[in-house]
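Numbering (the working numbering), first residue to last: 333 to 430.
So, in structure tokens, the structure goes:
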């Protein structure tokens, strides 16, 4: 979900046109797994400080089309203390996902 300071940006015409153009440019395919793309992701995250910088918000160089799973991995597993495929069990041991 977008931060409060970014909600207006994501509802704006400039972003909607940029997103549609980028989606088409990438033929609707996730750039990581080649599955059906869903989310146009900002590689350098939008912040309160850079929200008005079109080189960050609207540049194809900062965009990546991702499927829902790859986007979730980017945002949720990126901050994980383990590498992908590993996790801590209830005893605190590092184990491999099955």
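By construction, the Cβ of each residue, glycine as well, lies at the ideal position given by its N, Cα and C atoms.
Asked: With DSSP collapsed to three states, give me the class of residue 400.; Found: helix
Asked: Measure how close the beta-carbons of residue 370 and residue 350 come, nearest whole angstrom, since I'm counting them as under 8 Å.; Found: Contact flag wrong, Cβ pair sits at about 16 Å.
Asked: From the DSSP output, read off the bridge partner residues of residue 371.; Found: 398
Asked: Can you tell which of 382, 373, 390 and 395 has its C-alpha closest to the C-alpha of residue 404?; Found: 373
Asked: Give a yes or no on whether the C-beta atoms belonging to residue 396 and residue 363 are separated by under 9 Å.; Found: yes
Asked: Do you know whose CA, among 367, 359, 378 and 408, lies nearest residue 337's CA?; Found: 378
Asked: Roughly how many angstroms lie between the CA atoms of residue 348 and residue 335, to the nearest whole one?; Found: 17 Å
Asked: To the nearest angstrom, how far is the alpha carbon of residue 339 from that of residue 428?; Found: 38 Å
Asked: Can you have a look at residue 345 and say buried or exposed, based on whether 16 or more other CB atoms are within 10 angstroms of its CB?; Found: exposed
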